[in-house]
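Engineer: According to numbering that gives the first Met the number 0, the residues represented by the sequence shown are 0 to 215, in order. What follows is a structure written as C-alpha cells; I'll ask about it next.
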Amino acid sequence: MKKDEYANLIKSKPWQEVENYFDQLPKADVQPITHLSINTQEWIDFTIEQFDNAQQKWEEPKKHYTGQSNRLAELNNKLGRNKHNTFELNYGMNGDTNDIMKQMLGHDNISRLKADPDTILIRLIVKFPGHGVAWHFDDAGSYGKKFPSADKTKLRRLWWSIDDWKDGHAMQISKTVLTNYNKGEVYDIPFGLGHASSNFGYCPQYTISFTGVIND
C-alpha cells in the first residue's frame with residue numbers, strides 16, 4: 000500500500016456505509032439455545048477423508064449474493080479482505096458430504112434442534128490461523144440452490160463449534176463476541192443479522208453453519 004492510497008482510504012471512510020447499515024438493526028440477545036453431543040475427532044477425520052469434496056473459498060463478490068451482500072463483499076475487498084486472509088475449506092455442497100454430516104450429527108441431535116432432517120444443509124468450515132470471515136449477513140443463497148422447495152418461513156440459521164474453544168478463536172453475532180464456548184453449544188443467527196468470525200490463534204478452527212426448517 001502506498002501513502003496516498005492509505006490517505007484516500009482514511010478520507011473516504013468506506014466502512015461507514017457498513018456501520019450505518021448494521022447499526023440500524025436491533026441488537027440481538029445472543030444466548031445458547033441448546034447443546035449437542037459432538038465427537039470432535041470424527042468430524043476432523045471427515046475433513047481429511049472428504050478433502051477433495053471441500054470447496055476452497057475466500058471472500059469475494061459472488062453471483063448468488065443479493066445486491067447488499069455483494070456491496071459488502073466489494074467493500075471488504077477494498078479494505079483488504081482477500082484470498083490471503085479469508086481462505087477456508089467448506090464442506091456440504093459437493094458430493095454426498097451433506098448426507099454424511101447428517102449421519103454424523105445423528106438423530107438425537109437433529110431432534111434436539113427440532114429440525115426437519117429432509118431440509119438440512121450442514122456447512123463445516125475450516126479456518127486456518129490468520130484467516131476469518133468478514134462482517135456480513137446471510138440470505139440463504141446457497142441453501143436455496145440445494146433446497147428450492149423448502150418452507151422459507153420456518154428456515155433458521157444456526158452456528159456451533161465442533162471443538163471446544165481455543166485461544167485466538169472468536170465468533171461475533173450482533174454486538175456479542177463469543178469466546179470460551181464449548182463444542183456443540185448452539186447459537187441462532189437470524190437471517191439479515193450481522194456476524195463474523197476470526198482465527199487469530201495457532202490451530203485450525205472448525206465450525207458448523209447449519210440451515211434447515213425448524214419446527215418450534
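For glycine and all other residues, C-beta sits at the position ideal for the given N, C-alpha and C.
(1) Could you tell me whether the Cβ atoms of Met-92 and Ser-141 are closer together than 9 Å?
(2) Would you kindly work out how many angstroms separate the C-alpha atoms of Tyr-5 and Ala-53, rounded to a whole number?
(3) Tell me, which residues are paired with Arg-156 by DSSP?
(4) In the structure shown, what three-state DSSP assignment does Tyr-186 receive?
(5) If you draw a straight line from the C-alpha of Asp-3 to the C-alpha of Lys-12, how long is it?
(6) Do you know how far the Cα of Asp-166 is from the Cα of Thr-210?
(7) Excluding sequence positions up to five away, which residues of its chain have a Cβ less than 7 Å from the Cβ of Trp-134?
(8) Using 10 angstroms around the beta-carbon of Thr-178, count the other beta-carbons present and answer buried if the total reaches 16, otherwise exposed.
(9) Taking just the CA atoms, how far does Gly-143 sit from Ile-119?
(10) Could you check the C-alpha separation between Val-29 and Gly-183 for me, to the nearest Å?
(11) Taking Cβ to Cβ, would you say Leu-24 is nearer than 9 Å to Ser-208?
(12) Nearest to Thr-152 by alpha carbon, out of Asn-38, Met-170, Glu-87 and Asp-215?
(13) Alpha carbons only, please: which of Gln-55, Leu-74 and Asp-107 is nearest the one belonging to Tyr-20?
(14) Distance, Cα to Cα, Trp-159 vs Pro-128?
Structural biologist: Looking at the coordinates:
(1) Residue mapping note: residue 92 aligns to position 93 of the sequence shown, counting from 1. Residue mapping note: residue 141 aligns to position 142 of the sequence shown, counting from 1. Yes. Within cutoff.
(2) By one-based count along the sequence shown, residue 5 stands at place 6. By one-based count along the sequence shown, residue 53 stands at place 54. Annotation: Tyr-5 to Ala-53 spans about 36 Å, alpha carbon to alpha carbon.
(3) Position 157 of the sequence shown holds residue 156. For Arg-156, the beta-bridge partners assigned by DSSP are Thr-210.
(4) Numbered from its first residue, the sequence shown carries residue 186 at position 187. For Tyr-186, the three-state secondary structure derived from DSSP is strand.
(5) Position 4 of the sequence shown holds residue 3. Position 13 of the sequence shown holds residue 12. Taking the straight line from one Cα to the other gives about 14 Å.
(6) Locating residue 210 in the sequence shown gives position 211, counting from the first residue. Locating residue 166 in the sequence shown gives position 167, counting from the first residue. Straight-line Cα distance between these residues: approximately 27 Å.
(7) Numbered from 1 along the sequence shown, position 135 holds the residue referred to as residue 134. Excluding sequence neighbours, Trp-134 sits near Val-17, Gly-193 and Ala-195.
(8) Against the sequence shown, residue 178 aligns to sequence position 179. Label assigned to Thr-178: exposed.
(9) Sequence index remark: in the sequence shown, residue 119 carries index 120 (1-based). Sequence index remark: in the sequence shown, residue 143 carries index 144 (1-based). Roughly 11 Å between the two C-alpha positions.
(10) Within the sequence shown, residue 29 is the residue found at index 30, counting from 1. Within the sequence shown, residue 183 is the residue found at index 184, counting from 1. The C-alpha of Gly-183 is placed about 15 Å away from the C-alpha of Val-29.
(11) On the sequence shown, position 25 is the one that residue 24 refers to. On the sequence shown, position 209 is the one that residue 208 refers to. Contact check for Leu-24 against Ser-208 fails: the beta carbons are separated by 9 Å or more.
(12) Here residue 152 is taken as the residue at index 153 of the sequence shown, counted from 1. Per the C-alpha coordinates, the member of Asn-38, Met-170, Glu-87 and Asp-215 positioned closest to Thr-152 is Asp-215.
(13) One-based indexing of the sequence shown puts residue 20 at position 21. Of the candidates Gln-55, Leu-74 and Asp-107, the one whose C-alpha sits nearest the C-alpha of Tyr-20 is Leu-74.
(14) In the sequence shown, counting from the first residue as 1, residue 159 sits at position 160. In the sequence shown, counting from the first residue as 1, residue 128 sits at position 129. Those two C-alpha atoms are separated by around 19 Å.
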